[in-house]
Structures are given as C-alpha cells and as structure tokens.
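**Student:** Just so we're aligned, residue 228 is where the sequence shown starts under the working numbering, counting upward by one. For each residue, glycine too, the CB sits at the ideal point set by N, CA and C.
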Amino acid sequence: MLTSQSLPVGVITLLAAFATTAPINAQDPTFTAGPDVVSLEDVGNFTATAWAQDVDLQGGTNAFFDVIVDDPSLFGLSPALDVNSGTLTFTSAADANGVVNMTVQLVTDQGQSAVSSVSVTLLAVNDEPSFNAGVPINASEDSGTSIVAGWATALSAGPSDEAGQAMSFTVGTDNPGLFSVPPSVDPVSGDLSFTVAPDQHGTANLIVVLTDNGGVANGGDDTSQPESGVTTLLPINDGPLAGLAEGWVIDGLGVYHLYGNGVDDVDTREGDGASGMTMIMEASLACNEGTMTLPDSAGVVNFLVGDGVNDAFITMEGTVSGISTALGHLVYNEDPGFGGGVVVSLTVDDRGNYGSGGPIGAGDTSSLSVGSALGAATAFDIFSIKQARVWYSQVDGSIAGGGPVRLNHFSMATNPDLVSTDDVLVSGGVLRAYNGIVGHGNAVYCTTHIVADSVTFLDSSQAPRQGCPIDFYEAKRDLQNRSSGWGLLPPTGSTTMLNGVLTLVGNDPSLNVFTVSHTDFQSARLLDVTTPPGAYALINVDGGSLTHGIWGVRITGATRRGVLVNAHQAGYIHLNNVNFDASLLAPDAVLKMGGLYIAGNSVAKNIQTWNVSTLGENLAGAPFDNPPEAGWDGDGTEVDAYDYTLSWTPNSSTEQIDVTRPTPETLDVSVDGFVVSTQRYNCLSRLVFVGRSDFSA
Numbered sequence: 228m229l230t231s232q233s234l235p236v237g238v239i240t241l242l243a244a245f246a247t248t249a250p251i252n253a254q255d256p257t258f259t260a261g262p263d264v265v266s267l268e269d270v271g272n273f274t275a276t277a278w279a280q281d282v283d284l285q286g287g288t289n290a291f292f293d294v295i296v297d298d299p300s301l302f303g304l305s306p307a308l309d310v311n312s313g314t315l316t317f318t319s320a321a322d323a324n325g326v327v328n329m330t331v332q333l334v335t336d337q338g339q340s341a342v343s344s345v346s347v348t349l350l351a352v353n354d355e356p357s358f359n360a361g362v363p364i365n366a367s368e369d370s371g372t373s374i375v376a377g378w379a380t381a382l383s384a385g386p387s388d389e390a391g392q393a394m395s396f397t398v399g400t401d402n403p404g405l406f407s408v409p410p411s412v413d414p415v416s417g418d419l420s421f422t423v424a425p426d427q428h429g430t431a432n433l434i435v436v437l438t439d440n441g442g443v444a445n446g447g448d449d450t451s452q453p454e455s456g457v458t459t460l461l462p463i464n465d466g467p468l469a470g471l472a473e474g475w476v477i478d479g480l481g482v483y484h485l486y487g488n489g490v491d492d493v494d495t496r497e498g499d500g501a502s503g504m505t506m507i508m509e510a511s512l513a514c515n516e517g518t519m520t521l522p523d524s525a526g527v528v529n530f531l532v533g534d535g536v537n538d539a540f541i542t543m544e545g546t547v548s549g550i551s552t553a554l555g556h557l558v559y560n561e562d563p564g565f566g567g568g569v570v571v572s573l574t575v576d577d578r579g580n581y582g583s584g585g586p587i588g589a590g591d592t593s594s595l596s597v598g599s600a601l602g603a604a605t606a607f608d609i610f611s612i613k614q615a616r617v618w619y620s621q622v623d624g625s626i627a628g629g630g631p632v633r634l635n636h637f638s639m640a641t642n643p644d645l646v647s648t649d650d651v652l653v654s655g656g657v658l659r660a661y662n663g664i665v666g667h668g669n670a671v672y673c674t675t676h677i678v679a680d681s682v683t684f685l686d687s688s689q690a691p692r693q694g695c696p697i698d699f700y701e702a703k704r705d706l707q708n709r710s711s712g713w714g715l716l717p718p719t720g721s722t723t724m725l726n727g728v729l730t731l732v733g734n735d736p737s738l739n740v741f742t743v744s745h746t747d748f749q750s751a752r753l754l755d756v757t758t759p760p761g762a763y764a765l766i767n768v769d770g771g772s773l774t775h776g777i778w779g780v781r782i783t784g785a786t787r788r789g790v791l792v793n794a795h796q797a798g799y800i801h802l803n804n805v806n807f808d809a810s811l812l813a814p815d816a817v818l819k820m821g822g823l824y825i826a827g828n829s830v831a832k833n834i835q836t837w838n839v840s841t842l843g844e845n846l847a848g849a850p851f852d853n854p855p856e857a858g859w860d861g862d863g864t865e866v867d868a869y870d871y872t873l874s875w876t877p878n879s880s881t882e883q884i885d886v887t888r889p890t891p892e893t894l895d896v897s898v899d900g901f902v903v904s905t906q907r908y909n910c911l912s913r914l915v916f917v918g919r920s921d922f923s924a
C-alpha cells in the first residue's frame, strides 16, 4: 500500500510542464502530452479531458494514440487517448494502487510522433475491514466467565495489500448491567468472552464493529459495518433471604414486639432482568410457646394457616414486599403458664418461581426470654405450697399441692387448652381423690395415692403415675421472694374508701401499684379497681390476717389476667361468698375459700375450698414476669445476707424493711457501722430503723 498526498477523485495534478513532441521527420505528427497522472485507488472510471493538446497530424490520416503501461494490473480498462479531443481515460482495477510508467505516441499513416513518457499514480485508500457475526448465545445466570470460541469468523482487514494491518473489535450492548466484565471479541481468534454479573439474567443485544489501523486518509474507511449479536442469560433460581431481628421490645403494657423483620429475593430486584415480574413466595412463622400476631398484615398477604392474630403457627403467601410488610412488626403473646426461653422461627419458600433449579428455602430464628408471673404456680388455678383440700368445687384448670392433696365431689381440668399429656393434678405427698371428673390430662403423686373408681379421667387412659414434676421447696422460696419483692414496691395509684367501697385508681399504662391495709380490705364490701385499658394492677395488702373479707373485686381497664392481690404479710385468709376477678398470692397464709368464684390463681401455703369455682384466667403479663428482689441470695445455704446502702436523715419517723422469708433467730445487720436489731413476727424478719432512710438492695 502506497502513501501519497490526498487528491480528489478524477483530478489530475500537474506535476510537470506540458511537453510538445518534436517531429522526427517533417511529415511526422506532433502533440503536447499532459502532466503525470495522480488519482485514488478504486477511482473507477477516470477521465482527464484534453490531456493531450496541440495535436498536429501533418496531413496524415488514420491517426491514433499508442498508449502503453508497464503494469497493466492496476487497471481494469487500460489507459486510452482520444485523438480528436485529447481526453485520457482508464478504469482502475479493484483494490489496486501504485505507480506505473505510461508511454504515449501519436501514429498516422505518414509516421509517428516522438514517445512521451509520464507516470500514473493510484494513491492507496484504506478499505473497511469485515467479519461475520456468530449465532445468538445462551448462558446461565451466575455462570461466571463465558468464552464462545470462533464466534466472529472471516476476519479481514481488506484486500491482500492490507493483510498486515492490526485490527480490534468494539462491542456495545443495550443491557450493560448484565455483565461485570462486558463482552469483547478477540481480533485474532474471533472468540467472544464476557463475565456475568451476580444474580443477573435477561437479554442483551450486541453491536459489534471491527476496526483496522489503515486510517481514513484519501477517504479511506477503517471501520466495518456493524454486526448484531444476541446474548441471553438464562435465569437460575436464587435462594430467598429470611431475617428476624433480635432486639425484642417490651412496651408499657408488657407486650413483646419485634421490628425490622423481613424477607428478600434477588430474583425480584429491579434491574436484574425481571422487570415487571410479580413473584409469590411463601413464609411460615412458628413459636415453641405462646402465640404471635402480625398487626400490619391486613391486605398485604394471604394467610394459608392461621390469620395473623394470636397464632402459634402461621403460613402466608405474598410478594416479597407484602410479606416483608407483614413481618415488619411481630408481636409475641406469652403463654400464661410458661416462663423461660422462647424461639420464634421464620422459614421462607420461594416456590421456584423464576429460573431453573426448583424451589429454594431459607430460615432464621429469634429468641427471647419470658418470665412467668407466678413461677411454677402460674399454670395452676389452685397451688398450695403444702396441703390442699378441694371439696364440692369446679376447677377450670389444674391443681397442685406440695403435701397431701385431697379431692371429693369435684370437676377439674375442663379447660379446652389442656391436653391429655398435661400434668393437671400434682401432689407432692399423698393423693386422694373421690367422686370427680378430670377433663384433660394426668394425675401425678410423689409418695402414694388413692384414686377411687368414682373418679373419671375423660381424656387420658393413663393411670395416676408416681413422680415429682414440681420442686415445691424451690417453688416456696420463689413465691415468697416474689410476694415480698412486690410488697416493697411503692404505690403509684390512689386508694380511697367511701360507703364501703374501696376504690383504687391508677393511670400507668403498664403496672399500677396500690397499697391497702388489711383493715380496709376486711371492712370494704367491694374492691373497685380502675386502670388504663390493658394495664396491670398489683394490690399489696399490708398487715396481718384477713379473717373476713370483701364481697368482691371489680376491675375496669385491666383484664382478669392482669390483676394480682398480694397478701404478702398475711398468715390466715378466709374468703366467703366473694366474686374475685383477680389472682390471689399469699405464700405464708392458710387460705380458706367457700361459696365463691375466683378468676385467676389461688396461691397460698395451705388451701381449702368448699363450693368454689375457678375460671382459669391465670395471672400473665411482662410486668409480673420479673419481680423485684427481696434481698435473698437464693444460693441454698439457708443463710441469707442483706446489703443495703443507707443514707440517713434523722427525724422522728420509723423506716422498716420487710422480708417475708424465715430467717435465723439472730440476725446481725450492720448499718454504717451500727448493729440494728431485728424483730420476729409471724415468720417475718422486720429490720427496724429509727430515722428516715433512702436505700437500695
């Protein structure tokens, strides 16, 4: 390939002066030859008008120009001169370029002119390169790097004189997001290669051009015509993601909330080739205890199992955004009879909606620890630390006694939430039962039993079995500690007595604490308790025994499960003809009840019932789950130490700290270096300080 200055096609450059041929003989013709000829490769039909001038035939006839070139391969039609007009014409050969010598002689029947010699130059013009694009390509999502060998074929920089040119490919695409390394073509092998971006699928149209380094001088072309290609990334089903948070929040009403939960699936993300796709997936929630509620689920998911309200197991279907919205706020509703670890599990199935590979699942769990309002006693309508007698009574739930338990003319365990395998009748000593019905569950005794044939177990074929499922000694310690700890709480609500009605009013949306003297408690006909809706009420009854009691407990705002009467200092309680819409805790008292119903738990040292009904509305709620400590070390050493930090403001008042668990007869208490005396009162160690104190245990 030759290089020369650029010239317009068909233009002759005058490189030398016109020359007139001198005659050899007087009769020889003459003419004046034109300049050297310069044109472009692939000029096609070339014409130089009046290139030969001053033609003189000298009287001769049959005149013609004899034109000879030394390399006729440059021409498709060799140069020729018209004798009349002097016009030079030729047709260039395809893709030919170079310089040839051309001789011209005018010939007549009289003679011939002298020979004129000029050059004809065809300047090189770069031809566009070319190639053939390959067939459409299929690859899989997440397949990494792909190489399609020999995708581009028939690679050519141009005619043979351009065979040494360097070439390169440029590849463009209308969907660059599919690739982490964009498509490219090797200019030697024609191999097409690319690397798929993670989790991307879809179709990319490729526009491929080939460029050489021949340049564009003299109107040359160094770029091929664009060729099209198609790359399709076939979707592979990606696994979903399931996420449960760990930061459970307890609100003012003691309800457990978990926020920020959700699901995800990369197959539905915008920009990954799944534009406009709606994928329906499935999610399930389960918890080992209690139930769950999804407050934000209405209208965004379709429930397959459960309805999102107080369900132990939930299965729903919906879009990723719908399920995430439903899961975003999860409420755990605790089991009133359970305390300990709770595991909430979430599983997701994407149903294989998009791409090959089939359905894929994922899961996550979140744990929380919940207390139980009355420890081991929570699940029992009647729980006696020592002995229990239940006569002519209807008990909705379960009964337990740490010593002898005797039942006669009774029905119990009729609550449908109980099952045949539950231990509903537990005796830590001798169990005696006559003339009764047990709706659900088993009987368990620690030492021996007498269960007459007149007792029917409706939902269990098992005979009463021997065992000790409850540690009553530990239960005693725990209940005394709870009762004493609650008894130390300062009141937050108001207490007034008017016309025999003891009115308790609290405004706390969580726990309202009331302090009632045993005198007021015994003299009131009605205990009327008002709190905000769903709040809790703790009613501490101070002082000694309750030998005659109120006629009833009425509640507004709080539920039966949220009210506890804590007779933490009583040694004896007698309730008769009472409607008691609460639970009762008196771990150091003998409790006798007759002719009444009690909505929640009855917990005492010894319990006797006659014509009593329980409703199974047992105490429950986070405010009761973790009672304040009453100062017991709980290490089982039988020696309990107290460490109070006291600041004194001497005055005439008396400050006292009550702890309701029995302590040694002699107890030395050091306060700022001084030993403070103790008083023993009905298994109560009372530390009495003269002066005002602010202290923390």
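Relative to the alpha-carbon of Asn289, which residue among Gln337, Val436 and Val415 has its alpha-carbon at the smallest distance?
**Tutor:** Within the sequence shown, residue 289 is the residue found at index 62, counting from 1. That would be Gln337, whose Cα lies nearest to the Cα of Asn289.
**Student:** Once DSSP output is grouped into helix, strand and coil, what is the label at Asp747?
**Tutor:** Here residue 747 corresponds to residue number 520 of the sequence shown, with the count starting at 1. Note: Asp747 maps to helix in three-state DSSP.
**Student:** Nearest to Val682 by CA position, among Leu725, Asp649 and His636, is which residue?
**Tutor:** Counting from 1 along the sequence shown, the entry for residue 682 is found at position 455. The option with the nearest alpha carbon to Val682 is His636.
**Student:** When you compare the segment 320-327 with the segment 348-355, are there three or more beta-carbon pairs, one atom per stretch, that lie closer than 8 Å?
**Tutor:** Taking 8 Å as the limit for Cβ pairs, the verdict is that the segment 348-355 does touch the segment 320-327.
**Student:** Under the assumption that Leu267 contacts Phe292 (Cβ atoms under 8 Å), give the Cβ distance between them as a whole number of angstroms.
**Tutor:** For the purposes of this step, residue 267 is taken as the residue at position 40 of the sequence shown. For the purposes of this step, residue 292 is taken as the residue at position 65 of the sequence shown. That belief does not hold up - the Cβ atoms of Leu267 and Phe292 are roughly 24 Å apart, past 8 Å.
**Student:** Between which two residues does the alpha helix (DSSP H) carrying Asn272 extend?
**Tutor:** Indexing the sequence shown from 1 puts residue 272 at position 45. Element bounds for Asn272: not the alpha helix (DSSP H) but the beta strand (DSSP E), Asn272 to Ala275.
**Student:** Helix, strand or coil: how does DSSP classify Thr675 here?
**Tutor:** Along the sequence shown, read from residue 1 onward, the residue named residue 675 stands at position 448. Strand.
**Student:** Is Ala702 close to chain D? Criterion is C-beta to C-beta, closer than 8 Å.
**Tutor:** Of the chains in the structure shown, none is chain D; there is only one protein chain.
**Student:** Compute the beta-carbon to beta-carbon distance between Ala640 and His667, rounded to the nearest angstrom, for a pair I have assumed lies under 8 Å.
**Tutor:** As a working note, residue 640 is residue 413 in the sequence shown. As a working note, residue 667 is residue 440 in the sequence shown. Correct: roughly 5 Å between the Cβ atoms.
**Student:** According to the neighbour-count rule (16 or more other Cβ atoms, all chains shown, within 10 Å of its Cβ), is Arg752 buried or exposed?
**Tutor:** As a working mapping, residue 752 is identified with position 525 in the sequence shown. Exposed, since its Cβ has fewer than 16 Cβ neighbours within 10 Å.
**Student:** Which partner residues of Asp576 appear in the DSSP bridge assignment?
**Tutor:** Translated into positions along the sequence shown, residue 576 becomes position 349. Answer by DSSP bridge pairing, in chain order: Glu509 and Gly588.
**Student:** So, Ser744 versus Gly770, is the Cβ gap smaller than 8 Å?
**Tutor:** By one-based count along the sequence shown, residue 744 stands at place 517. By one-based count along the sequence shown, residue 770 stands at place 543. Yes, Cβ-Cβ distance for Ser744 and Gly770 is below 8 Å.
**Student:** Would you call the segment 426-438 and the segment 538-552 touching, i.e. three or more CB-CB distances under 8 Å?
**Tutor:** No, the segment 426-438 does not touch the segment 538-552.
**Student:** Can you name the residues that DSSP bridges to Phe302?
**Tutor:** In the sequence shown, counting from the first residue as 1, residue 302 sits at position 75. Ser319, per the DSSP bridge assignment.
**Student:** Does DSSP put Ser681 in a helix, in a strand, or in coil?
**Tutor:** In the sequence shown, the residue the question calls residue 681 occupies position 454. Three-state DSSP puts Ser681 in coil, outside helix and strand.
**Student:** Can you grab the Cα-Cα spacing for the pair Ala390 / Val435, in whole Å?
**Tutor:** Translated into the one-based positions of the sequence shown, residue 390 becomes position 163. Translated into the one-based positions of the sequence shown, residue 435 becomes position 208. Going from the Cα of Ala390 to the Cα of Val435 covers about 21 Å.
**Student:** Measuring straight from C-alpha to C-alpha, what distance separates Met543 and Gly779?
**Tutor:** By 1-based counting over the sequence shown, the position of residue 543 is 316. By 1-based counting over the sequence shown, the position of residue 779 is 552. Rounded to whole angstroms, Met543 to Gly779 spans 45 Å at the Cα level.
**Student:** Please classify Phe266: does DSSP put it in a helix, a strand, or coil?
**Tutor:** If you number the sequence shown from 1, residue 266 lands on position 39. With the sequence shown as reference, residue 266 is identified as Ser, and Phe is not the correct amino acid for it. Strand, per DSSP.
**Student:** Kindly indicate the opening and closing residues of the beta strand (DSSP E) around Trp278.
**Tutor:** Working through the sequence shown from its first residue, we reach residue 278 at position 51. Where Trp278 is concerned, there is no enclosing beta strand (DSSP E), given that its DSSP letter is neither H nor E.
**Student:** Mind the definition here: the segment 312-319 touches the segment 406-422 only if three or more C-beta pairs lie below 8 Å; say whether that holds.
**Tutor:** Too few Cβ pairs lie closer than 8 Å, so no.
**Student:** Can you give me the C-alpha to C-alpha distance between Asp591 and His556, rounded to a whole angstrom?
**Tutor:** Numbered from its first residue, the sequence shown carries residue 591 at position 364. Numbered from its first residue, the sequence shown carries residue 556 at position 329. So the two alpha carbons sit approximately 16 Å from each other.
**Student:** Give me, in chain order, the residues of the same chain whose beta-carbon lies closer than 7 Å to that of Asp401; leave out the 5 immediate sequence neighbours on both sides.
**Tutor:** Against the sequence shown, residue 401 aligns to sequence position 174. The answer, listed in chain order, is Ala431 and Asn432.
**Student:** Is the distance from the Cβ of Pro736 to the Cβ of Pro759 below 8 Å?
**Tutor:** As a first step, residue 736 is located in the sequence shown; it is residue number 509 there, counting from the start. As a first step, residue 759 is located in the sequence shown; it is residue number 532 there, counting from the start. Yes, the pair counts as a contact, with Cβ atoms nearer than the cut-off.
**Student:** Contact between the segment 706-716 and the segment 687-694 is defined here as three or more beta-carbon pairs at a separation below 8 Å; is this criterion met?
**Tutor:** Counting Cβ pairs under 8 Å, fewer than three are found: no touch.
**Student:** For Gln280, I'd like the list of residues in its chain whose CB is within less than 8 Å of its CB, leaving aside the five on either flank, ordered along the chain.
**Tutor:** Reading the sequence shown from its first residue, position 53 is the one you call residue 280. The residues are Phe245, Phe258, Thr259, Gly261 and Gly313.
**Student:** Which runs of the beta strand (DSSP E) fall wholly inside the segment 372-424 and span at least 3 residues, in chain order?
**Tutor:** Runs of the beta strand (DSSP E) inside the segment 372-424: 372-375, 380-383, 394-400, 406-412 and 419-423.
**Student:** Check each candidate in Pro306, Ser383, Lys703 and Asn806 and name the one with the smallest Cα separation from Arg787.
**Tutor:** What you label residue 787 is simply residue 560 of the sequence shown in a count that begins at 1. Among Pro306, Ser383, Lys703 and Asn806, the Cα nearest to that of Arg787 belongs to Asn806.
**Student:** Could you check what DSSP says for Leu716 in three-state terms: helix, strand or coil?
**Tutor:** As a working note, residue 716 is residue 489 in the sequence shown. Looking at Leu716 - three-state DSSP - the assignment turns out to be coil, as it is neither helix nor strand.
**Student:** With a CB to CB cut of under 6 Å and the five nearest residues on each side skipped, what residues in its chain are close to Ala393?
**Tutor:** Position 166 of the sequence shown, counted from the start, is the residue given in the question as residue 393. Answer for Ala393: Asn440, listed in chain order.
**Student:** Excluding the 5 residues preceding and the 5 following Gly628 in the sequence, name in chain order all residues of the same chain whose CB lies nearer than 6 Å to its CB.
**Tutor:** In the sequence shown, the residue the question calls residue 628 occupies position 401. Closer than 6 Å at Cβ, skipping near neighbours: Ser611, Gln614, Ala615 and Ser654.
**Student:** Give the straight-line distance between the Cα atoms of Ala469 and Asp491, rounded to the nearest whole angstrom.
**Tutor:** For this step, residue 469 is matched to residue 242 along the sequence shown. For this step, residue 491 is matched to residue 264 along the sequence shown. Rounded to whole angstroms, Ala469 to Asp491 spans 7 Å at the Cα level.
**Student:** Between Ser840 and the rest of its own chain, which residues show a CB-CB distance below 6 Å, the 5 nearest in sequence each way excluded?
**Tutor:** Sequence index remark: in the sequence shown, residue 840 carries index 613 (1-based). So the list reads Gln621 and Tyr824, once near-sequence residues are dropped.
**Student:** Taking C-alpha atoms, which residue in Gln254, Gly588, Asp298 and Ser638 lies nearest to Trp837?
**Tutor:** Within the sequence shown, residue 837 is the residue found at index 610, counting from 1. Checked all of Gln254, Gly588, Asp298 and Ser638; the closest Cα to Trp837 is Ser638.
**Student:** Does the Cβ-Cβ distance between Ser373 and Ala366 come in under 8 Å?
**Tutor:** Sequence index remark: in the sequence shown, residue 373 carries index 146 (1-based). Sequence index remark: in the sequence shown, residue 366 carries index 139 (1-based). In this structure, Ala366 lies closer than 8 Å to Ser373 by Cβ.
**Student:** Measuring CA to CA, which of Pro696, Ile782, Ala679 and Ala510 is closest to Cys673?
**Tutor:** Locating residue 673 in the sequence shown gives position 446, counting from the first residue. That would be Pro696, whose Cα lies nearest to the Cα of Cys673.
**Student:** Just checking my contact of Asp686 with Asn845 at CB under 8 Å: how many whole Å lie between their CB atoms?
**Tutor:** By 1-based counting over the sequence shown, the position of residue 686 is 459. By 1-based counting over the sequence shown, the position of residue 845 is 618. With 8 Å as the limit, Asp686 and Asn845 do not qualify as a contact, their Cβ atoms being about 20 Å apart.
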